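Take the sequence shown: its letters are residues 128 to 507, numbered as in the numbering used here. Note that beta-carbon positions come from the ideal geometry of N, C-alpha and C, so glycine has one too. As the structure is a prediction and not an experimental result, all values here were calculated from the model.
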Amino acid sequence: MGLLQKPYLLNKVTLYFFDLVVTIKSDSIEFIDLFTKMYSRFLKNEFPSLPASQIEFSLITHPDNIFGKPVLMCNDEIWPLNDPKLLDGFAYECILMSIITRIKSHFLIHAGVVSFDNHGVLIVADGGYGKTTLVLTLLKRGFKFLSDEMAALGRHDHLVYPFPRSLRVRKDTLSLVGFPDNTIGGEEWLDKLLLDIDQILPGSSGTKVPVEYIFFLQNEKGITKNNEQDLTILVDKMNDEVLRLIENIAGVRNMYVDVNGSFPALILRADKANKILSKIETICAMHKILVLDVLKGTEGHASFNGNARLLPIPVSQAALALLGNYQGSYKSKILLDEFKGSSIRLFMELSNIIAKARCYHLTAGRLQDMADIVCAEVCT
């Protein structure tokens, strides 16, 4: 690996993700600038008292190396990248997921997080349900911003912490919520605007708070309790051998490959979607196939039609649903090293963290109606 690094990696950034110190090196100042912009609020070590581990990533974008093509070094593995279009998107996702799996001080849940008067509020949903749009709408109503992508649940104090990545939003999302002028000066990346929260609403950043409310967004048809779900898996390539292996996974149905886009898309219906997705990712990794993106469900983005409705659920049900949105997944160092692979132990600790929270299913409907419902529960 040293032969690859010495002549090339002149640009670097060091970021501090709770108990993990991350160094990224590259010959591309553009990529370093991109990651720095996305996570500018992690340039300072806010947790110096936590015992920290370290990890280093390297990206060589110039093909003048021993592989003759761009190379990403990640997780102690070397990934030659055949398509230059993959560089920014795949390198970003690979580095981010590697960071997430190594953080041990906090549970990271795929959710938006806001707060109001020291009440922490989690908005949990897959892509396409309007999570970010609802978060922005609540900010307009006086809530504070902690994150639109990750709920960082402190294991030592049971508080939810900010995970303030720059937001990636569609231009029409800002105008829908009422921020039409904030598109000016926003950098565009992968078809979305990249904006720090202070570019959208200055002074709206929040601090750590207790977890007191959890809202799980669902569509009109209701949720499947994570047992059955449509998956669209975008890959850089596909072959018949890998397709056969995936088809033979128990619980995979109605699978086909859509080749009409820029990259092949594997589309299927899955029982226990998260477990099957983990198996598919393992198969792809073994055959050097890059998983570029995963979309759960069938809708591309929220329509905000229909009637918003609220249904209380018990904490035990909420904890199980959060487990399905746990970002460490089967690669988590907490799960593998500390809990020895026991998801029961993970579930029990997660249940303890949210034990005092009020939990709900929120059926997605008209945007302002959804915000009204959240405000009625949290602000009174």
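Going by beta carbon distance, what residues of the same chain come within less than 8 angstroms of residue i, once the five residues before and after it are set aside?
{"i": "D154", "result": "Y135, L136, L137, N138, L186, I187, T188 and H189"}
{"i": "M365", "result": "V384, P391, L393 and I416"}
{"i": "N479", "result": "H285"}
According to the neighbour-count rule (16 or more other Cβ atoms, all chains shown, within 10 Å of its Cβ), is residue i buried or exposed?
{"i": "T507", "result": "exposed"}
{"i": "V386", "result": "exposed"}
{"i": "R371", "result": "exposed"}
{"i": "Y487", "result": "buried"}
{"i": "G239", "result": "buried"}
{"i": "K423", "result": "buried"}
{"i": "S459", "result": "buried"}
{"i": "Q181", "result": "exposed"}
{"i": "F145", "result": "buried"}
{"i": "A400", "result": "buried"}
Shortest alpha-carbon distance to residue i belongs to which of the options?
{"i": "P441", "options": "D323, A482 and L214", "result": "A482"}
{"i": "T334", "options": "L489, L328, E315 and P289", "result": "P289"}
{"i": "D398", "options": "S405, A377 and I410", "result": "A377"}
{"i": "W316", "options": "L147, F144 and F162", "result": "F162"}
{"i": "P329", "options": "L404, G269 and L235", "result": "G269"}
{"i": "V336", "options": "I500, Q326, G281 and D357", "result": "G281"}
{"i": "V262", "options": "H414, D464, L344 and A484", "result": "L344"}
Quick check: what's the CA-CA separation for residue i versus residue j?
{"i": "H285", "j": "G254", "result": "26 angstroms"}
{"i": "E276", "j": "E374", "result": "31 angstroms"}
{"i": "S389", "j": "T490", "result": "33 angstroms"}
{"i": "T351", "j": "L449", "result": "Low confidence applies to T351: its pLDDT is 44, below 50, so where it sits in the model is not reliable, and the reading given next is rough at best. One C-alpha to the other measures close to 14 angstroms."}
{"i": "M534", "j": "K406", "result": "Any question about residue 534 goes unanswered here, given that the chain covers just 128 to 507."}
{"i": "I250", "j": "R229", "result": "24 angstroms"}
{"i": "E157", "j": "G216", "result": "13 angstroms"}
{"i": "K171", "j": "S293", "result": "15 angstroms"}
{"i": "P175", "j": "S302", "result": "40 angstroms"}
{"i": "E476", "j": "I461", "result": "11 angstroms"}
{"i": "S242", "j": "D499", "result": "15 angstroms"}
{"i": "A503", "j": "K258", "result": "18 angstroms"}
Please indicate yes or no: does the CB of residue i lie closer than 7 angstroms to some heavy atom of the ligand GDP?
{"i": "A279", "result": "Within the structure as shown, the ligand GDP is missing, as the structure has no ligands at all."}
Can you list, in chain order, the residues of its chain whose CB lies under 7 angstroms from that of residue i, leaving out five sequence neighbours each side?
{"i": "S331", "result": "L266, K271, F272 and I324"}
{"i": "V418", "result": "I360, V362, E408 and C411"}
{"i": "D210", "result": "D363"}
May I ask you to report which of helix, strand or coil DSSP gives residue i?
{"i": "N192", "result": "coil"}
{"i": "F162", "result": "helix"}
{"i": "F343", "result": "strand"}
{"i": "P439", "result": "strand"}
{"i": "Y219", "result": "helix"}
{"i": "I230", "result": "coil"}
{"i": "T260", "result": "helix"}
Using a Cβ-Cβ cut-off of 6 angstroms (strictly less than) and excluding sequence neighbours within five positions of residue i, which residues of its own chain qualify?
{"i": "T141", "result": "T150"}
{"i": "F194", "result": "P207"}
{"i": "A445", "result": "I341 and C486"}
{"i": "G492", "result": "G433, N434 and A435"}
{"i": "E183", "result": "T150"}
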